Amino acid sequence: MAAAARARPPDLRAVIFSPIHRVASRALTTKLSWPMGVTTLASPSRMAAISAISPPIRQAPVTSECAHPAREKRGPPWLAHKASHEGIVCVERIAGHGEVRPLDVTNIPSCTYCRPQIASVGLSEEAAKGKGGEIRVGRFPYRANGKAIALGEPDGLVKTVFDGATGELLGAHIIGAEATELIQGFAIARTLEATEADLIATVFPHPTLSEAMGEAVLDAWGRALHV
Numbered sequence: 003m004a005a006a007a008r009a010r011p012p013d014l015r016a017v018i019f020s021p022i023h024r025v026a027s028r029a030l031t032t033k034l035s036w037p038m039g040v041t042t043l044a045s046p047s048r049m050a051a052i053s054a055i056s057p058p059i060r061q062a063p064v065t066s067e068c069a070h071p072a073r074e075k076r077g078p079p080w081l082a083h084k085a086s087h088e089g090i091v092c093v094e095r096i097a098g099h100g101e102v103r104p105l106d107v108t109n110i111p112s113c114t115y116c117r118p119q120i121a122s123v124g125l126s127e128e129a130a131k132g133k134g135g136e137i138r139v140g141r142f143p144y145r146a147n148g149k150a151i152a153l154g155e156p157d158g159l160v161k162t163v164f165d166g167a168t169g170e171l172l173g174a175h176i177i178g179a180e181a182t183e184l185i186q187g188f189a190i191a192r193t194l195e196a197t198e199a200d201l202i203a204t205v206f207p208h209p210t211l212s213e214a215m216g217e218a219v220l221d222a223w224g225r226a227l228h229v
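Just so you know, the sequence shown maps onto residues 3 to 229 in our numbering.
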């Protein structure tokens, strides 16, 4: 009995957890016209095992749109979360999902895990000025934020860069405690194409470090409350 148990092959269902993983497995183990020339990556027995537990998948044509993420992988920023999202976009296109949004590399957060932490998304002030037009820049120091003081982390700054004419958030930069966690708020704002009016109307909970984000938005328009 014990010998039989030891000889039992692994249950692939425990490995392939979700539909997207099944799609990826099928895509990587069948002969497709991959942009980088990849063909079969697994043995016929492995392919048969995966096919036995995976539902039939409608294969969409591998178009230039599907090849696009692969090209992006060779370009900056060189970040794990960018590559991961590119893979998801490419596999969803191969699987024939509905509308798949292309990846906008300007909306990818960049994080440096040092002390203090550093994070940014979008354009820098210098890059925004290089595009021409009016820009507005807001700054808010951590030492004016109650939560930062309570945490013993008063050293830091939140900076925002806006298009002065349209109110578009062009970029955001944070240095200080939990910067790598906070930056996602600005990343979401850029993805949703939020303006300064949308962000100013957003309620930031108190006491939190995120209040410094709201104040940096206000400061870009000369309306900061706590400096």
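Backbone N, C-alpha and C fix where the C-beta goes; we use that ideal spot for every residue, glycine too. Small disclaimer: the values here were computed from a predicted structure and weren't measured.
Neighbourhood of residue i by C-beta distance below 8 Å, restricted to the same chain and skipping five residues each side
| i | result |
| --- | --- |
| T193 | D106 and N109 |
| P79 | V107, I110 and S112 |
| E195 | E170 |
Pairwise C-alpha distance: residue j and residue i
| i | j | result |
| --- | --- | --- |
| I90 | L220 | 36 Å |
| P207 | L153 | 16 Å |
| A218 | T162 | 6 Å |
| N147 | I177 | 14 Å |
| Q186 | R145 | 21 Å |
| A222 | L171 | 10 Å |
| R141 | L159 | 7 Å |
| H228 | A199 | 19 Å |
| V139 | I120 | 18 Å |
| R117 | S86 | 26 Å |
| S126 | G224 | 20 Å |
| P104 | E88 | 9 Å |
| L81 | A129 | 21 Å |
| P156 | A226 | 18 Å |
| L184 | G77 | 25 Å |
Contacting residues, own chain, Cβ-Cβ under 7 Å from residue i (five flanking each side not counted)
| i | result |
| --- | --- |
| A167 | G135 and E136 |
| K133 | none |
| I202 | V219 and L220 |
| G169 | T197, E198 and A199 |
| D165 | G135, I137 and L172 |
| T182 | C113, Y115, Q119 and A121 |
| A191 | L171 and L201 |
Nearest-angstrom beta carbon gap, residue j and residue i [assumed within contact, 8 Å]
| i | j | result |
| --- | --- | --- |
| K149 | P209 | 4 Å |
| G216 | T197 | Rounded, the Cβ-Cβ distance is 14 Å, inconsistent with contact. |
| A214 | V123 | Contact flag wrong, Cβ pair sits at about 16 Å. |
Chain-order list of residues whose beta-carbon lies under 6 Å from that of residue i (same chain, five-residue window excluded)
| i | result |
| --- | --- |
| E180 | L211 |
| K84 | I110 |
| H175 | S122 and K161 |
| P143 | L159 |
| T32 | Any reading at T32 must be qualified, since the residue scores a pLDDT of 42, below 50, and its modelled position is unreliable; no value is offered. |
| I151 | none |
| G100 | none |
Classification of residue i by the beta-carbon crowding that lies within 10 angstroms, buried from 16 upward
| i | result |
| --- | --- |
| G173 | buried |
Subject >> Complete runs of the beta strand (DSSP E) confined to the segment 96 to 142 [at least 3 residues] >> reply: 112 to 114 and 120 to 124
Original post:
Along the chain, which unbroken stretches of the beta strand (DSSP E) at least 3 residues long are found entirely within the segment 135 to 194?
Top reply: 137 to 143, 159 to 165 and 171 to 177
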